[in-house]
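A.B. asks: Note that my numbering has the sequence shown beginning at -6, numbered continuously upward.
Backbone N, C-alpha and C define an ideal beta-carbon position, used for all residues, glycine too.
For reference, the structure I am asking about is given below.
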Amino acid sequence: MENMSGSKALMKALEKEGVKEVFGLPGGANLPMYDELYKSNIRHILVRHEQSAAHMADGFGRVSRKAGVCFATSGPGATNIITGLATAQADSAPMIAVTGQVPVKMIGRDAFQESDIIGISNPIVKYAFQPREASEIPEVVKKGFYIAETGRPGAVLIDIPKDVQQNEAEMSFPDEVRIRGYHPWTDPDVLETERAIDLLLSAQRPIILAGGGVIISTAFSELQSLAEMLMIPVVTTFKGKGAFPENHVLSLGPIGMHGHAEANKLMVEADCVLAIGTRFSDRSVGTFEEFEKNLKIIHMDVDPAEIGKNQTTHVAVVGDVKASLRIMVKLLIKRALKKSDDNVWIKHVNEVRDYWRQNLKIHPGEMGAAKILRKLREVLPKEAIVTTEVGQHQMWASLFFDVIHPGTFFSSTGLGTMGWGFPAAIGAKTARPDVPVVDIAGDGSFNMTENSLATSVLENLPVIVFLVNNYSLGMVAQWQRTFYDRRMIGVDQKNCPDYVKLAESYGAQGIRAQSLDELGKAIKAGLKSDVATVIDIPIDPEEDVLPFVAPGTSLKDMILPS
């Protein structure tokens, strides 16, 4: 037991959790914690907007698989992180947000910069805490990290009133915590795993659908072992992109609204799917009823609430998917199965895949989306980490940027948050300063958080912004062209800044690339740079993302480029 202030206890509790960096912005209600942060060994990374602090913590958490931490003050500071909390929670990213609050006696009195951040955030976080006594802080922090990082990861809010930060108390720092009603660890059921194996082996046209849960649990080798043992092709959700090497002979790439043509075509033909760590989003499967019409579904997930939520499940294996896959592989080894040299399904899969990879029409111009993203893949080291913003560029990345090294591709998929990718890339670079980090961006999304260039430069966190610039809100424009008879409104971004000058004004490097040769040189310059690099890549504003599965339709109704 040691007597100390609530703020000092907060720093000590964070240090005990291994926190070395926090992303944040100070204000009146969190100044006591900032005063203790000044005295601690924790590095503070100053942002220009609290939403970016949340996205940086999110990106840090996805890459490190340890909760990233952000600080914000009360009132508008706290409400500014709401989008970041919702984004992290939607994509099961471990994250802790610590907000200041008005003193306890002022709560509920409409005090200056007061907001009911607990009430506001409760629907979009995994859990929210508000300690009312300084002595509660160590246990609250321990519980917060435990909840954020275990089971299905998520976002946790810790809201600390200013007087609770200042008051002193005898502090006890627990090594373990128990939370009533929270039991995140579930051992996979061996009998259900056996049933899953039987169903897979009886199928004529099996397929594996890998979701984001594979990446969260780092079940890469287990997934690859299973696919190779049974010679089953692998598709992914967009969030699962990077769960399986996309240069592997069994890889078909992502399915869904902007999935690979071969992946969508073969998913429709399958008679059994092993779905691993996926929630069967409408963006992945189209209409729920049509998807499961002729399909037997085996669903593996750590979250029992996902079983049967969107799709009818024939066999459910609840538990950490890495453990579940490991058990499945061991059971298959015991059965001593031999691969068949005459696999009709795999022969057909190879034919369909090869046809679409050779015959899918792409934009004919030199700087079409397919060509610039393939150039990025050609130059970028395979271990580099890639984030994306949200929009056409994101879907072009789904189609044309192959992830070779598992677990190196991250995007805002559940909430689809524009402006996420750049601050998330800075968070990723903080977690992995030893590897290159690239944000595949669009002009619309980059405009939302470009002020994070200041953070990137001043904090020596150089990342590359691969800016696919069509001077418009491209995805909205595409929908207006396709579904609204070209009634274009609110999408023109021709008054965008000169991104080269913008980058240089922050002390970053700006390069405009108008040919593939210039683009290759620009990427290499970015990889060598000690500061952030913005590569402005003007493209045709009329280029659409295709293939495309329109909302309310099924994968078989995919629209192809003509």
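Just list the alpha helix (DSSP H) runs in the stretch 86 to 164, keeping only unbroken ones of 4 residues or longer that don't cross its boundaries, in chain order.
C.D. replies: Whole alpha helix (DSSP H) segments, 4+ residues: 110 to 114, 130 to 142, 155 to 159.
A.B. asks: What is the DSSP secondary structure of LYS494, counted as helix, strand or coil?
C.D. replies: Your numbering for residue 494 matches position 501 in the sequence shown. Reduced to three states, the DSSP call for LYS494 is helix.
A.B. asks: Which one of VAL430, ALA254, VAL314, GLU282 has the shortest CA to CA distance from GLN351?
C.D. replies: Here residue 351 refers to the residue found at position 358 when the sequence shown is read from its first residue. Cα-wise, what sits closest to GLN351 is ALA254.
A.B. asks: Using the beta-carbon count (16 or more within 10 Å), is ASN462 buried or exposed?
C.D. replies: Here residue 462 corresponds to residue number 469 of the sequence shown, with the count starting at 1. By the 10 Å Cβ count, ASN462 comes out buried.
A.B. asks: For a minimum of 4 consecutive residues, which ranges assigned as the alpha helix (DSSP H) are wholly contained in the stretch 432 to 471?
C.D. replies: 436 to 442, 445 to 451
A.B. asks: For GLY545, which residues from the same chain have a beta carbon less than 7 Å from its beta carbon, with the 5 sequence-adjacent residues on both sides left out?
C.D. replies: On the sequence shown, residue 545 is found 552 positions in, with the first residue counted as 1. The residues are THR280.
A.B. asks: Quick one: measure Cβ to Cβ for GLY519 and ILE433, integer angstroms, because I've assumed they're closer than 8 Å.
C.D. replies: For the purposes of this step, residue 519 is identified with residue 526 of the sequence shown, where counting begins at 1. For the purposes of this step, residue 433 is identified with residue 440 of the sequence shown, where counting begins at 1. Between ILE433 and GLY519 the Cβ distance is about 13 Å, and since that is not below 8 Å, they are no contact.
A.B. asks: Beta carbon of LEU460, beta carbon of ASP529: below 7 Å?
C.D. replies: Position 467 of the sequence shown holds residue 460. Position 536 of the sequence shown holds residue 529. Yes, the Cβ-Cβ distance between LEU460 and ASP529 is below 7 Å.
A.B. asks: DSSP on HIS37, reduced to helix/strand/coil?
C.D. replies: Locating residue 37 in the sequence shown gives position 44, where the first residue counts as 1. Three-state DSSP puts HIS37 in a strand.
A.B. asks: Pick helix, strand or coil for GLN329, following the three-state DSSP scheme.
C.D. replies: Counting from one through the sequence shown, the residue named residue 329 turns up at place 336. Sequence check: residue 329 is Ala here, not Gln. Three-state DSSP puts ALA329 in coil, outside helix and strand.
A.B. asks: If you draw a straight line from the C-alpha of TYR499 to the C-alpha of PHE166, how long is it?
C.D. replies: Working through the sequence shown from its first residue, we reach residue 499 at position 506. Working through the sequence shown from its first residue, we reach residue 166 at position 173. Distance between the alpha carbons of TYR499 and PHE166 is about 42 Å.
A.B. asks: Where does GLY513 fall in DSSP's three states?
C.D. replies: To locate residue 513, count along the sequence shown from 1; it is residue 520. It is helical.
A.B. asks: Quick check on GLU14: does DSSP put it in helix, strand or coil?
C.D. replies: Locating residue 14 in the sequence shown gives position 21, where the first residue counts as 1. Three-state DSSP puts GLU14 in a strand.
A.B. asks: Where DSSP assigns a beta bridge to PHE403, which residues make up the other side?
C.D. replies: The residue given as residue 403 occupies position 410 in the sequence shown. PHE403 is bridged to THR380.
A.B. asks: For ALA329 and PHE273, what's the separation of their Cα atoms in angstroms?
C.D. replies: In the sequence shown, counting from the first residue as 1, residue 329 sits at position 336. In the sequence shown, counting from the first residue as 1, residue 273 sits at position 280. Here the alpha carbon of ALA329 sits roughly 32 Å from the alpha carbon of PHE273.
A.B. asks: Three-state secondary structure (DSSP) at ALA196?
C.D. replies: Sequence index remark: in the sequence shown, residue 196 carries index 203 (1-based). Here ALA196 sits in coil by DSSP.
A.B. asks: In the DSSP output, what is GLU(-5) paired with across the bridge?
C.D. replies: Here residue -5 corresponds to residue number 2 of the sequence shown, with the count starting at 1. Answer is MET164.
A.B. asks: Please classify THR475 as buried or exposed, where buried requires at least 16 other C-beta atoms within 10 Å of its C-beta.
C.D. replies: In the sequence shown, counting from the first residue as 1, residue 475 sits at position 482. The residue in question, THR475, is exposed, as its Cβ has fewer than 16 Cβ neighbours within 10 Å.
A.B. asks: Alpha carbon to alpha carbon, how far is LEU192 from PRO297?
C.D. replies: The residue given as residue 192 occupies position 199 in the sequence shown. The residue given as residue 297 occupies position 304 in the sequence shown. If you take the alpha carbons of LEU192 and PRO297, they lie about 20 Å apart.
A.B. asks: Tell me which residue opens and which closes the alpha helix (DSSP H) that PHE284 is part of.
C.D. replies: Within the sequence shown, the letter at position 291 stands for residue 284. From DSSP, the alpha helix (DSSP H) with PHE284 extends over 281 to 284.
A.B. asks: Please state the DSSP three-state secondary structure of GLY206.
C.D. replies: Position 213 of the sequence shown holds residue 206. Looking at GLY206 - three-state DSSP - the assignment turns out to be helix.
A.B. asks: Tell me, please, which residues DSSP counts as bridged to ASP529.
C.D. replies: Counting from 1 along the sequence shown, the entry for residue 529 is found at position 536. In DSSP, ASP529 forms a bridge with LEU460, ARG505.
A.B. asks: Between LEU512, VAL207, GLU161, which lies nearest to GLY361 when the distance is taken from Cα to Cα?
C.D. replies: Numbered from 1 along the sequence shown, position 368 holds the residue referred to as residue 361. When only C-alpha atoms are compared, the closest one is LEU512.
A.B. asks: By a C-beta neighbour count over all protein chains shown, 10 Å radius and 16 as the cutoff for buried, is VAL242 buried or exposed?
C.D. replies: Walking along the sequence shown from the start, residue 242 turns up at place 249. Answer is exposed; the Cβ neighbour count stays below 16.
A.B. asks: So, does the stretch 101 to 108 touch the stretch 169 to 181, judging by three or more C-beta pairs under 8 Å?
C.D. replies: Contact between the stretch 101 to 108 and the stretch 169 to 181 is not established, with fewer than three Cβ pairs separated by less than 8 Å.
A.B. asks: Tell me the DSSP bridge mates of ALA518?
C.D. replies: Counted from its first residue, the sequence shown places residue 518 at position 525. In DSSP, ALA518 forms no bridge with anything.
A.B. asks: Hey, quick one: how far does the alpha helix (DSSP H) through PHE213 stretch, first residue to last?
C.D. replies: The residue given as residue 213 occupies position 220 in the sequence shown. Here the alpha helix (DSSP H) through PHE213 covers 213 to 223.
A.B. asks: Let me know the secondary structure DSSP gives LYS289 once reduced to three states.
C.D. replies: By one-based count along the sequence shown, residue 289 stands at place 296. Three-state DSSP puts LYS289 in a strand.
A.B. asks: Our contact map puts LYS119 next to ILE172 with C-beta atoms below 8 Å; I'd like the distance itself, whole angstroms only.
C.D. replies: In the sequence shown, the residue the question calls residue 119 occupies position 126. In the sequence shown, the residue the question calls residue 172 occupies position 179. With 8 Å as the limit, LYS119 and ILE172 do not qualify as a contact, their Cβ atoms being about 11 Å apart.
A.B. asks: Is the stretch 502 to 511 touching the stretch 422 to 440 in the sense that three or more CB pairs, one from each, lie closer than 8 Å?
C.D. replies: no
A.B. asks: Can we say the stretch 198 to 207 touches the stretch 224 to 238, given the rule of at least three CB pairs closer than 8 Å?
C.D. replies: A contact exists between the stretch 198 to 207 and the stretch 224 to 238.
A.B. asks: Please report the Cβ distance between LEU18 and ILE35, rounded to the nearest whole angstrom; I am assuming they are in contact, meaning their Cβ atoms lie under 8 Å.
C.D. replies: Taking the first residue of the sequence shown as 1, we reach residue 18 at position 25. Taking the first residue of the sequence shown as 1, we reach residue 35 at position 42. LEU18 to ILE35, Cβ: 15 Å. No contact.
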